[in-house]
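Residue numbering for the sequence shown follows our numbering, beginning at 6 and increasing consecutively.
Below: the structure, in structure tokens.
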Amino acid sequence: MSDDTYPFDVGMVALAHAGTPVSETALSHVTDAIAGTTDAVVPYPALFGSYVFLTNCYGFSNADASRLIENFADEKLESTKNYPLRL
Numbered sequence: 006m007s008d009d010t011y012p013f014d015v016g017m018v019a020l021a022h023a024g025t026p027v028s029e030t031a032l033s034h035v036t037d038a039i040a041g042t043t044d045a046v047v048p049y050p051a052l053f054g055s056y057v058f059l060t061n062c063y064g065f066s067n068a069d070a071s072r073l074i075e076n077f078a079d080e081k082l083e084s085t086k087n088y089p090l091r092l
């Protein structure tokens, strides 16, 4: 990881997808990472934890939380296909 690589944890991923009044900051960081303007690493446990957080804390249905996290992972995987260790 370079000095400019940012690890995203459960809080960043879940908050970005939660749709709360304070989600915009987290969402902008996640959007920048997907666009490739920010170098970020999202460990797989952060995705699983985000799913649990969305369903248990924010009241998302299993299907909605799964769809959000799956779409996020698909976007991130597509934009970093040259980096197999990055999500």
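Even for Gly, the Cβ is constructed at its ideal location relative to N, Cα and C.
Predicted model only: the values in this text are computed from it and were never measured.
Checklist line | Beta-carbon gap between ALA78 and LEU52 smaller than 7 Å | finding: yes
Note to self: Between which residues of its own chain and PRO12 is the CB-CB distance below 6 Å, once the five residues before and five after are set aside?
What the structure shows: Shown here for PRO12: same chain residues with a beta carbon closer than 6 Å to its own, the five before and five after excluded, namely VAL46 in chain order.
Note to self: Just to confirm, is the Cβ distance from ASP44 to ASP9 under 7 Å?
What the structure shows: yes
Note to self: Can you tell me where the beta strand (DSSP E) holding PRO50 begins and where it ends?
What the structure shows: Not the beta strand (DSSP E): PRO50 falls in the alpha helix (DSSP H), residues 49 to 61.
Item checked: Environment of SER66 [buried if 16+ CB atoms lie within 10 Å] -> exposed
Next item on the list: Determine the direct distance from the alpha carbon of ALA21 to that of VAL15, and round the result to whole angstroms.
Entry: 10 Å
Check: If you drop the 5 nearest sequence neighbours on each side, which residues of the same chain put their C-beta closer than 8 Å to that of HIS34?
Finding: TYR11, PHE13, MET17, ALA21, THR43 and ALA45
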